[in-house]
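Chains as they are written, first to last, in this note's numbering: chain A, 10 to 285; chain B, -14 to 336. Cβ atoms here follow ideal geometry from the backbone N, Cα and C, with glycine treated the same way. Just below is one structure, and these are the notes that go with it.
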Amino acid sequence: MSAVTAMRGTGAPAQGPPTGLGHRLRLGVMDTLTMTRRELLIWFRVPAYIFFTIIQPIMFVLLFRYVFGGAIPVKVPGGYVSYLMPGIIGQSAAFASFGTAIALARQIQKGVIDRFRSMPIARSAVLTGRLLSDSLRLTLTVLVILGVGYAVGFRFQNGWVPAILMMLLGIALGVVVCCISAYVGLAIRDEESVGSFGLVWLFPLTFVSSAFVTISTMPGWLQAFAKNQPISIVIEEMRSLALGGPLALHAWQSVVWLVGILVVFIPLSVRAYRRV
Amino acid sequence: MSDDAAIVVENLHKSFGDVHALRGVDFRVDRGTVLGVLGPNGAGKTTVVRILTTLLHPDSGRALVEGRDVVHQAAAVREIIGLAGQSAAIQEELTGRENLEIVGRLYHLEKATARRRAVELLEQFDLAGAADRPAKTYSGGMLRRLDLAASLVARPSVLFLDEPTTGLDPRSRIGMWEVIRNLVAEGATLFLTTQYLDEADELADEIVVIDHGRVIAAGTAEALKDRVGGNVVEFALPDRDRLAEAARAVAGLADGDPSIEPDTGRVAVRVGSRGSEALVQAVRELDAAGIEVDGLALRRPSLDDVFLALTGHAAEAEEDGGGRRRRRRSRHGASAPAGTETDATTEGVGR
Ligand SMILES: Nc1ncnc2c1ncn2[C@@H]1O[C@H](COP(=O)(O)OP(=O)(O)OP(=O)(O)O)[C@@H](O)[C@H]1O
Ligand SMILES: [Mg+2]
Chain A
10 MSAVTAMRGT GAPAQGPPTG LGHRLRLGVM DTLTMTRREL LIWFRVPAYI
60 FFTIIQPIMF VLLFRYVFGG AIPVKVPGGY VSYLMPGIIG QSAAFASFGT
110 AIALARQIQK GVIDRFRSMP IARSAVLTGR LLSDSLRLTL TVLVILGVGY
160 AVGFRFQNGW VPAILMMLLG IALGVVVCCI SAYVGLAIRD EESVGSFGLV
210 WLFPLTFVSS AFVTISTMPG WLQAFAKNQP ISIVIEEMRS LALGGPLALH
260 AWQSVVWLVG ILVVFIPLSV RAYRRV
Chain B
-14 MSDDAAIVVE NLHKSFGDVH ALRGVDFRVD RGTVLGVLGP NGAGKTTVVR
36 ILTTLLHPDS GRALVEGRDV VHQAAAVREI IGLAGQSAAI QEELTGRENL
86 EIVGRLYHLE KATARRRAVE LLEQFDLAGA ADRPAKTYSG GMLRRLDLAA
136 SLVARPSVLF LDEPTTGLDP RSRIGMWEVI RNLVAEGATL FLTTQYLDEA
186 DELADEIVVI DHGRVIAAGT AEALKDRVGG NVVEFALPDR DRLAEAARAV
236 AGLADGDPSI EPDTGRVAVR VGSRGSEALV QAVRELDAAG IEVDGLALRR
286 PSLDDVFLAL TGHAAEAEED GGGRRRRRRS RHGASAPAGT ETDATTEGVG
336 R
């Protein structure tokens, strides 16, 4: 016991707050990486998370390819499976943010976030670590979907560089939606509420979009929404990248939407994190 | 700060909407001592803990931990504190070891150091056998211990424990007390909230009683007990019909009227600072009246008595002892179903 006494206070290396921007930045990166590792470790432990990340997207691909696909007319090279893949990647990326919101709400409820906030951790690390682990998770989802897509007849038709850009855009869409969900989780702070109504907005955004059907088949009043909402816009851009088609219009609209959402929701999330 | 206060709290106020959770709280805690903060549900205990651990800003007032302002020097405060909140802040998907190692890494310990510290704590808290099981398989007591271990990873000099034994069975509570006593022996300053009177009595050097966001009493357990009016001679009658007669017989000993509990046949007499001499006199009077009694005993007032005397409504405080006794009993039953509380209290007094 006395040896322990003698060491008291020497456990934490920094005496007083860190000085210097470089030092702070280094600690911030370290904390972010620790948090990322932590989130991935948790993710590996929960079968439900793995299901949502891998199995569910595969089921969606098969469902739309073989069950609904025959009834959905599209005019793109390669037929419905070509039309579907960018859409399903966008939809799955957006839905992956369920995990973000629920995990954060859960950690607040459990007091885990309070513990972090009482520790000398970079204030941003919980969020940046979360988003970094989310983007790794999303990358896996996208790769799995593409693998299954290739098995059921999908082919990129526009070369490899646009193909890679399409994947990156899909992941970016997912991360951006995760930012919204992170805010929802931090603001609602209750796992059940988040799960039951906190994320309902995801359904119209993903299904009232060009992800699975051409928008011109919808009633006129719906078309206005479906055409101009961000997920449709990003998915249209992904489709042009994958299959060839006009890039410019949807490209800048996508960037504006994605950056715009980040600009609004990152500060909101940070504020909610500080306040919890 | 050159004096030896580890925590200084001055005139803290905090409202949540129209709930005035803190209405001017003041106290200080000397370095290396244990402060027990005692209060019923909603008294404001957790709010004080959250302010002191930089989780919440006060509306007004000031709080220093080791001389560091919790609002303006929050980062510096976080370097030296440990917090085990009201619920165990454990990631239940991860193992006990992983939980501790990650906390160590977040305190910027080297990987090997974090690993060593986790092993050390797992052993110290009797969790080595369960170290590699996901924490969701732990019992409530194990989770609490793991949570406490996590708060100690960086060897904080000031430790905050918010109701560390709530929800534990009597045996786990005693085990937790043991752990906490060892921490104190190592020299940490401890801020402990509790709803259990015996717990404050057992662990704290000084006690602050909070109710409705105000400090309503402060001092050592002994000083608080003295405030309620000293010792009590207590006995039970096998023959309930003679209660009034028995009360008359011992009335001469009392500062006020003896209190009677008709349901249980118990009579209690406050005898002030008089001790065994009052007991002897009670035996004589009862014997002279030819009244047979069970379990005649002299007891020091428990913190239960203190607590009730202080937080009970003013009107009730003026009431005859009988009414107070009854309330005390019911509160007693609600807060600690196991019969260990009274024993522990008596033991604590002797300490
Ligand atoms: N975030 C909050 N929003 C609204 N009211 C709050 C909030 N936190 C605390 N309160 C209120 O402030 C008061 C004091 O709460 P606090 O949690 O500090 O009590 P406590 O003494 O810890 O109680 P308990 O023994 O139940 O843990 C209560 O009335 C509570 O409802
Ligand atoms: Mg509380």
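Fill in: When B/ALA134, B/ALA170, B/VAL50 and B/GLY29 are compared against B/THR179, the one with the closest alpha-carbon
As a working note, residue 179 of chain B is residue 194 in the second sequence. The residue with the shortest Cα to Cα distance from B/THR179 is B/GLY29.
Worksheet item: For B/LEU144, which three-state DSSP category applies?
Response: Position 159 of the second sequence, counted from the first residue, corresponds to residue 144 of chain B. Strand, per DSSP.
Item to complete: Check whether the Cβ of B/ASP147 sits closer than 7 angstroms to any heavy atom of ligand 2, and report yes or no.
Response: Position 162 of the second sequence, counting from 1, holds the residue named residue 147 of chain B. Within the cutoff, so yes.
Practice prompt. Could you tell me whether any non-hydrogen atom of ligand 1 is closer than 7 angstroms to the CB of B/THR31?
Written response: The count along the second sequence starts at 1 and reaches residue 31 of chain B at position 46. B/THR31 Cβ: within cutoff of ligand 1.
Worksheet item: Which chain D residues sit within Cβ distance under 9 angstroms of A/SER144?
Response: Of the protein chains in this structure, namely A and B, none is chain D.
Item to complete: Check whether the Cβ of A/GLN118 sits closer than 7 angstroms to any heavy atom of ligand 1, and report yes or no.
Response: Counting from one through the first sequence, the residue named residue 118 of chain A turns up at place 109. Checking the Cβ of A/GLN118 against ligand 1 gives no.
Discussion item. Using beta carbons (cut-off 8 angstroms, strictly below), is B/SER157 in contact with chain A?
Written reply: In the second sequence, residue 157 of chain B corresponds to position 172, counting from 1. Not an interface residue.
Discussion item. Which residues of the region 71 to 93 of chain B have a Cβ closer than 8 angstroms to any Cβ of chain A? Give them in chain order.
Written reply: Contact annotation: in the region 71 to 93 of chain B, residues whose CB is within less than 8 angstroms of a CB in chain A are GLN71, SER72, ALA73, ALA74, ILE75, GLN76, GLU77, GLU78, LEU79, GLU83, ILE87, VAL88, ARG90, LEU91, TYR92 and HIS93.
Worksheet item: Taking all protein chains shown into account, do 16 or more other C-beta atoms lie within 10 angstroms of the C-beta of B/LEU79, making it buried, or fewer, making it exposed?
Response: Translated into the one-based positions of the second sequence, residue 79 of chain B becomes position 94. With 16 or more other Cβ atoms within 10 Å, it is buried.
Fill in: Residues, ordered as in the chain, of the region 43 to 70 of chain A that lie near chain B by beta-carbon distance below 7 angstroms
Within the region 43 to 70 of chain A, the residues whose Cβ lies closer than 7 angstroms to some Cβ of chain B are THR43, ARG47, LEU50, ILE51, ARG54 and VAL55, listed in chain order.
Practice prompt. Return the CA-CA distance between A/GLY31 and B/ASP117, expressed in angstroms with no decimal places.
Written response: Within the first sequence, the letter at position 22 stands for residue 31 of chain A. Within the second sequence, the letter at position 132 stands for residue 117 of chain B. Computed Cα separation, rounded: 37 angstroms.
Worksheet item: In the structure shown, what three-state DSSP assignment does A/SER249 receive?
Response: In the first sequence, the residue the question calls residue 249 of chain A occupies position 240. Helix.
Item to complete: Report yes if the C-beta of B/GLN71 is less than 7 angstroms from at least one heavy atom of ligand 2; otherwise report no.
Response: The residue given as residue 71 of chain B occupies position 86 in the second sequence. The answer is yes for B/GLN71.
Practice prompt. Give a yes or no on whether the C-beta atoms belonging to A/PHE61 and A/GLY108 are separated by under 8 angstroms.
Written response: Against the first sequence, residue 61 of chain A aligns to sequence position 52. Against the first sequence, residue 108 of chain A aligns to sequence position 99. In this structure, A/PHE61 sits near A/GLY108, with a CB-CB distance shorter than 8 angstroms.
Item to complete: Within the same chain, show all residues whose beta-carbon is closer than 6 angstroms to that of A/PRO171, passing over the 5 residues directly before and after it, in chain order.
Response: One-based indexing of the first sequence puts residue 171 of chain A at position 162. Within the same chain, A/PRO171 has close Cβ partners LEU250.
Worksheet item: Of the choices A/LEU93, A/ASP143 and A/ILE51, whose alpha-carbon is the least far from that of A/GLU245?
Response: Counting from 1 along the first sequence, the entry for residue 245 of chain A is found at position 236. Looking at the Cα atoms, A/LEU93 is the closest of the given residues.
Discussion item. Between the alpha carbons of B/ALA274 and B/ALA231, how many angstroms are there, rounded?
Written reply: For the purposes of this step, residue 274 of chain B is identified with residue 289 of the second sequence, where counting begins at 1. For the purposes of this step, residue 231 of chain B is identified with residue 246 of the second sequence, where counting begins at 1. Cα to Cα, B/ALA274 sits roughly 8 angstroms from B/ALA231.
Worksheet item: At what residues does the alpha helix (DSSP H) containing B/LEU188 begin and finish?
Response: Start at 1 with the first residue of the second sequence, and residue 188 of chain B comes out as number 203. Counting along the chain, the alpha helix (DSSP H) containing B/LEU188 begins and ends at 182 to 188.
Practice prompt. Give a single yes or no on whether A/PHE73 has its beta carbon closer than 7 angstroms to a heavy atom of ligand 1.
Written response: For this step, residue 73 of chain A is matched to residue 64 along the first sequence. A/PHE73: no, Cβ never under 7 angstroms from ligand 1.
Worksheet entry | Spatial distance of B/LEU182 from B/ARG166 (CA atoms) | Stepping through the second sequence from its first residue, residue 182 of chain B is reached at position 197. Stepping through the second sequence from its first residue, residue 166 of chain B is reached at position 181. Computed Cα separation, rounded: 17 angstroms.
Practice prompt. Measure the beta-carbon distance from B/ASP196 to B/GLY70 and round it to whole angstroms, keeping in mind my assumption that it falls under 8 angstroms.
Written response: The count along the second sequence starts at 1 and reaches residue 196 of chain B at position 211. The count along the second sequence starts at 1 and reaches residue 70 of chain B at position 85. Not confirmed; about 21 angstroms, so no contact.
Fill in: heavy atom of ligand 1 below 7 angstroms from A/GLY138 C-beta
Numbered from 1 along the first sequence, position 129 holds the residue referred to as residue 138 of chain A. Result no, Cβ not under 7 angstroms from ligand 1.
Fill in: Own chain residues within Cβ distance below 7 angstroms of A/LEU85, not counting five before or after
Locating residue 85 of chain A in the first sequence gives position 76, counting from the first residue. Checking the displayed sequence, the identity of residue 85 of chain A turns out to be Val instead of Leu. Scanning its chain for C-beta atoms nearer than 7 angstroms, with the 5 sequence neighbours on each side dropped, one finds around A/VAL85 the residues SER91, TYR92 and LEU252, in chain order.
Practice prompt. Measure the C-alpha to C-alpha separation of B/HIS(-8) and B/ILE65 and round it to an integer number of angstroms.
Written response: For the purposes of this step, residue -8 of chain B is taken as residue 7 along the second sequence, with counting starting at 1. For the purposes of this step, residue 65 of chain B is taken as residue 80 along the second sequence, with counting starting at 1. According to the sequence displayed, residue -8 of chain B carries Ile and not His. Cα to Cα, the separation comes out at about 12 angstroms.
Practice prompt. Have a look at A/ALA220 and A/GLN262 and give me their C-alpha separation to the nearest angstrom.
Written response: Here residue 220 of chain A refers to the residue found at position 211 of the first sequence. Here residue 262 of chain A refers to the residue found at position 253 of the first sequence. Across the structure, A/ALA220 and A/GLN262 are spaced so that their CA atoms are roughly 17 angstroms apart.
Worksheet item: Excluding sequence positions up to five away, which residues of its chain have a Cβ less than 6 angstroms from the Cβ of B/ARG311?
Response: Residue numbering aside, residue 311 of chain B sits at position 326 when the second sequence is read from its first letter. Note that B/ARG311 scores 35 on pLDDT, short of 50, meaning its location in the model is unreliable; the coordinates nonetheless yield the value given after this. So the list is empty, once near-sequence residues are dropped.
Worksheet item: Beta carbon of B/ASN216: closer than 7 angstroms to some heavy atom of ligand 4?
Response: Within the structure as shown, ligand 4 is missing, the only ligands being ligand 1 and ligand 2.
Worksheet item: Nearest-angstrom Cα distance between A/LEU152 and A/SER101?
Response: Translated into the one-based positions of the first sequence, residue 152 of chain A becomes position 143. Translated into the one-based positions of the first sequence, residue 101 of chain A becomes position 92. If you take the alpha carbons of A/LEU152 and A/SER101, they lie about 12 angstroms apart.
Worksheet item: Any heavy atom of ligand 1 closer than 7 angstroms to the Cβ of B/PHE342?
Response: Since the first residue of chain B shown is -14 and the last is 336, residue 342 of chain B is not available in this structure.
Discussion item. Taking its Cβ as the centre, do 16 or more other Cβ atoms sit within 10 Å of A/MET68, making it buried, or is it exposed?
Written reply: Residue 68 of chain A sits at position 59 when you count from the first residue of the first sequence. Classification for A/MET68: exposed.
Item to complete: Answer yes or no: does any C-beta atom of chain B fall closer than 8 angstroms to that of A/ASP199?
Response: Numbered from 1 along the first sequence, position 190 holds the residue referred to as residue 199 of chain A. Chain B contact via Cβ: absent.
Item to complete: Consider the C-beta atom of B/ASN26 and the heavy atoms of ligand 1; say whether any pair is separated by less than 7 angstroms.
Response: To locate residue 26 of chain B, count along the second sequence from 1; it is residue 41. Look at B/ASN26: its beta carbon is less than 7 angstroms from one of the heavy atoms in ligand 1.
Fill in: alpha helix (DSSP H) segments (min. 4 residues) lying fully within the region 110 to 159 of chain B
For the region 110 to 159 of chain B, whole alpha helix (DSSP H) runs of length 4 or above, ordered along the chain, are 125 to 136.
Worksheet item: B/ARG63 touches chain A at which residues, Cβ-Cβ below 9 angstroms?
Response: Start at 1 with the first residue of the second sequence, and residue 63 of chain B comes out as number 78. What B/ARG63 touches in chain A: PRO26, ARG126, SER127, MET128, PRO129 and ILE130.
Fill in: Chain-ordered neighbours of B/PRO119 on chain A, where CB pairs are closer than 9 angstroms
Along the second sequence, read from residue 1 onward, the residue named residue 119 of chain B stands at position 134. Close to B/PRO119, with beta-carbon spacing below 9 angstroms, are these residues of chain A in chain order: ARG54.
Worksheet item: Got a sec: is the Cβ-Cβ distance from A/GLY138 to anything in chain B below 8 angstroms?
Response: The residue labelled residue 138 of chain A in the question sits at position 129 within the first sequence. No, A/GLY138 does not count as interfacial toward chain B.
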